[in-house]
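Chains as they are written, first to last, in this note's numbering: chain A, 348 to 488; chain B, 580 to 688.
Contents: one structure, followed by commentary.
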Amino acid sequence: MTNIAEAPEATGATPRDVVVITLPANSAYLSVLRTATAGLAARLDFTIDEIEDLRIAVDEACAMLLTQARPDAEITCEFSLDDDGAISVAVSVLTVDGQQPSRETFAWTVLSALAGEVDSSADSDRRVTITLRKQGSGPDR
Amino acid sequence: MCSIEERDDATIVRVSGDVDVVGAPTLRQTLIEVLAHGPSTHLIIDLSRVPFIDSTGIGVVAAAYRRVTARNGRFSTVATSEAVLRVLEMTGLVKILRVTSSLDDALRE
């Protein structure tokens with residue numbers, strides 16, 4: 348089940364838009380998520396390089412979580428399009444072990460180099476979340 | 580996803596499609612087979628038709644680099660797409676993997 352929900356269009360008073368994408372925790376859907384990520388980054392006037400960075404970073408975060416996802420779990424990506432021209436992304440999935448991803452891996456190095464701000468957390472129900480935030484330079488900044 | 584061509588002393592592995600966690604195992608298998616057949620003196624991995632690569636794919640390319648250089652072979656990579664070059668530059672692998680912008684340049688390496 349693939350389901351894309353977009354928050355209501357901003358009317359001027361809303362400080363930010365939140366887009367939540369839920370996908371089966373299956374690597375076959377990674378390319379869908381990358382495409383959606385690029386589209387959202389383009390909305391905030393990210394440069395080509397910044398769009399690539401975010402696209403790769405979201406892919407890395409999801410790929411990391413997929414290795415420990417419970418069978419039949421869903422992966423949830425929440426994108427907050429901030430009014431200062433940044434995108435915050437929280438990727439989360441129910442895992443078998445509740446372990447936070449190792450920061451000693453090549454994948455984590457790539458992720459943190461591309462996104463700037465990266466963190467991870469684990470809940471008591473073994474939901475593991477990776478959060479990242481990418482600031483765009485944009486034409487107005 | 581991968582095709583193989585022998586030219587002079589070079590083996591060219593042409594890759595197309597995304598080399599992410601889905602595509603990387605296919606490339607890994609191809610490279611294992613190519614390297615098992617053996618001792619070509621120059622391995623060229625042509626990523627010019629790869630629109631996207633992530634750390635999994637880069638790991639596969641780097642593993643092939645290690646195998647080739649361990650047997651004193653030459654290794655080159657062709658890359659042109661924005662996303663692929665971005666990862667190679669960011670990880671500092673552009674020089675190590677001898678990245679060129681065309682197959683002709685790689686063959687001259």
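Built from N, CA and C at the ideal position, the CB exists for glycine as well.
Since the model is a prediction, treat every value here as computed from it, not as a measurement.
Query raised in the report: What residue range is occupied by the uninterrupted beta strand (DSSP E) comprising residue 605 of chain B?
Result: Premise fails: residue 605 of chain B lies in the alpha helix (DSSP H), 603 to 616, not in any beta strand (DSSP E).
Query raised in the report: Do we get a CB-CB distance below 8 angstroms when we pair residue 359 of chain A with the residues of chain B?
Result: With a pLDDT of 45 at residue 359 of chain A, under the threshold of 50, the modelled position of that residue is not reliable, and no figure is offered here.
Requested in this report: Determine the closest residue to residue 604 of chain B out of B:666, B:643, B:658 and B:650, with distance taken between C-alpha atoms.
Outcome: B:643
Query raised in the report: Between which two residues does the alpha helix (DSSP H) containing residue 402 of chain A stretch?
Result: 395 to 413
Report task. From the DSSP output, read off the bridge partner residues of residue 437 of chain A. Result -> A:425 and A:478
**Report entry** Contact set between residue 454 of chain A and chain B, taken where Cβ atoms lie within less than 9 angstroms
**Finding:** 633, 634, 635 and 638
Query - For residue 412 of chain A and residue 447 of chain A, the rounded distance between their alpha carbons - result: 9 angstroms
Report task. In the DSSP assignment, find the unbroken beta strand (DSSP E) run with residue 469 of chain A in it and report its ends. Result -> 464 to 469
Requested in this report: Would you kindly check if the distance between the Cβ of residue 594 of chain B and the Cβ of residue 645 of chain B is under 8 angstroms?
Outcome: no
**Report entry** Local Cβ density within 10 Å of residue 657 of chain B, reported as buried at 16 or more and exposed below that
**Finding:** buried
Requested in this report: With a 10 Å radius around its C-beta and 16 neighbouring C-beta atoms as the bar for buried, classify residue 468 of chain A as buried or exposed.
Outcome: exposed
Report task. Show which residues of chain A have a CB atom less than 9 angstroms away from the CB atom of residue 601 of chain B. Result -> 374, 375, 377 and 378
Requested in this report: Flag residue 628 of chain B as yes when its Cβ comes closer than 7 angstroms to any non-hydrogen atom of the ligand NAP, and as no otherwise.
Outcome: Here there are no bound small molecules, and the ligand NAP is not part of this structure.
Query raised in the report: Which class does residue 594 of chain B belong to by DSSP, given the choice of helix, strand or coil?
Result: strand
**Report entry** Neighbour list for residue 400 of chain A in chain B, Cβ cutoff strictly below 9 angstroms
**Finding:** 665 and 669
Query raised in the report: Rounded to a whole number of angstroms, what is the C-alpha to C-alpha distance between residue 684 of chain B and residue 676 of chain B?
Result: 14 angstroms
Query raised in the report: Would a check of beta-carbon distances place residue 368 of chain A closer than 8 angstroms to chain B?
Result: no
Query raised in the report: Nearest chain B C-beta to residue 457 of chain A closer than 8 angstroms, yes or no?
Result: yes
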